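Peer 1: Quick one: this structure, given as structure tokens, is what I'll be asking you about.
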Amino acid sequence: MWEWISENSGLVQAGMAAVTALIWVIYLHILVLGMRRQRRTEILIHLGGARDLSARILVSNLGLEPLYVLEIMLTVWTADGERMSSVADRTEIAKDQHESPRQATLQGALKSGDHVDIGSVTDLLDRARHQSFDQIEPADIRHLQVTVAAITAADSHIAAARRRFAMRREGETLSLRPVNLAAQQIRSRRQRRKIETQMRKGL
């Protein structure tokens with residue numbers, strides 16, 4: 196065996212170099228994947244409290260990078276079709292009651308691990324009525340969807356997530372049921388461009 200190694204030392208050295216290079220490539224790949232995971236945004240949208248129209252909608256930043264909330268959009272589906280409106284501005288609070296400009300809007304920075312209460316379902320519907328939902332009653336809604344668009348320092352494109360809820364009538368009470376277990380993260384370029392287009396229409 197040693198004789199074979201001595202006779203083929205060049206081949207052995209080339210093989211060892213190839214194995215070493217392969218190990219470094221694998222290590223680099225793992226390192227890059229880890230960095231991507233750290234920079235990847237993860238926006239959580241969930242219900243707090245009751246499951247009726249008084250339920251609070253909470254938005255959490257589960258990513259390691261801080262993000263800035265640019266827009267919050269509410270989409271509802273009724274028998275007449277689909278309608279969308281911005282609900283980022285807190286119209287339920289009178290301007291003369293704002294203790295600071297920050298209270299006028301839900302746009303703003305959200306640190307890693309932080310969350311923000313964007314209001315109850317009733318609050319979101321009331322804000323949307325100021326835009327285009329004036330003819331819609333809660334009992335007419337079959338589904339509603341909350342979409343959060345944000346931006347981070349790590350990416351020039353928007354980060355976004357959405358979560359849909361089904362509206363159900365239980366006796367005289369309307370209740371909400373999440374369609375999915377967690378918010379859907381919007382990562383494809385096509386979907387992000389679609390949200391950017393929707394945001395531009397609202398400018």
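For the sequence shown, our numbering gives the first residue as 196, with consecutive numbering after it. Ideal Cβ positions, reconstructed from N, Cα and C, are used throughout, including at glycine. All values derive from a computational prediction rather than experimental measurement.
1) Expressed to the nearest angstrom, what Euclidean distance is found between the alpha-carbon atoms of D284 and S351?
2) Using 10 angstroms around the beta-carbon of I381, count the other beta-carbons present and answer buried if the total reaches 16, otherwise exposed.
3) Could you give the DSSP three-state label for R388: helix, strand or coil?
4) Checking the sheet assignment: what are the DSSP bridge partners for R322?
5) Taking Cβ positions, are T236 and E260 nearer each other than 8 Å?
6) Using 8 Å as the threshold, is the C-beta distance between Q302 and L262 below it?
7) Using only the alpha-carbon positions, how far apart do E332 and I267 sit?
8) Quick one: Cα of R372 to Cα of N256, how far?
9) Three or more beta-carbon pairs under 8 Å between the region 386-396 and the region 352-370, yes or no?
10) Would you kindly check if the distance between the Cβ of L248 and the Cβ of L369 is under 8 Å?
11) Going by DSSP, what residue range makes up the beta strand (DSSP E) through V341?
12) Is I240 closer than 8 Å to I252 when the C-beta atoms are compared?
13) Please tell me whether S280 and A323 are closer than 8 Å, where the distance is taken between their beta carbons.
14) Determine which residues share a DSSP beta bridge with I252 and list them.
15) Which one or two residues does DSSP pair with A216 in a beta bridge?
16) Around the C-beta of T342, are 16 or more other C-beta atoms found within 10 angstroms, so that it is buried, or is it exposed?
Peer 2: Looking at the coordinates:
1) Residue numbering aside, residue 284 sits at position 89 when the sequence shown is read from its first letter. Residue numbering aside, residue 351 sits at position 156 when the sequence shown is read from its first letter. Going by the C-alpha atoms only, they are around 24 Å apart.
2) Taking the sequence shown and counting its residues from 1, one reaches residue 381 at position 186. Classification for I381: buried.
3) Reading the sequence shown from its first residue, position 193 is the one you call residue 388. Note: R388 maps to helix in three-state DSSP.
4) To locate residue 322, count along the sequence shown from 1; it is residue 127. Beta-bridge pairing links R322 to no other residue.
5) Within the sequence shown, the letter at position 41 stands for residue 236. Within the sequence shown, the letter at position 65 stands for residue 260. A contact, by the Cβ cut-off of 8 Å.
6) Here residue 302 refers to the residue found at position 107 when the sequence shown is read from its first residue. Here residue 262 refers to the residue found at position 67 when the sequence shown is read from its first residue. Cβ atoms of Q302 and L262: not closer than 8 Å.
7) As a position in the sequence shown, residue 332 is number 137, starting the count at 1. As a position in the sequence shown, residue 267 is number 72, starting the count at 1. Taking the straight line joining both Cα atoms gives about 20 Å.
8) Along the sequence shown, one-based indexing puts residue 372 at 177. Along the sequence shown, one-based indexing puts residue 256 at 61. Those two C-alpha atoms are separated by around 22 Å.
9) yes
10) For the purposes of this step, residue 369 is identified with residue 174 of the sequence shown, where counting begins at 1. For the purposes of this step, residue 248 is identified with residue 53 of the sequence shown, where counting begins at 1. Yes.
11) Residue numbering aside, residue 341 sits at position 146 when the sequence shown is read from its first letter. H338 to T347 is the extent of the beta strand (DSSP E) around V341.
12) If you number the sequence shown from 1, residue 252 lands on position 57. If you number the sequence shown from 1, residue 240 lands on position 45. Yes, the Cβ-Cβ distance between I252 and I240 is below 8 Å.
13) One-based indexing of the sequence shown puts residue 280 at position 85. One-based indexing of the sequence shown puts residue 323 at position 128. Yes, they are a contact pair.
14) Stepping through the sequence shown from its first residue, residue 252 is reached at position 57. Beta-bridge pairing links I252 to L242.
15) The count along the sequence shown starts at 1 and reaches residue 216 at position 21. Answer is none; A216 lacks a bridge partner.
16) Working through the sequence shown from its first residue, we reach residue 342 at position 147. Buried: at least 16 other Cβ atoms inside 10 Å.
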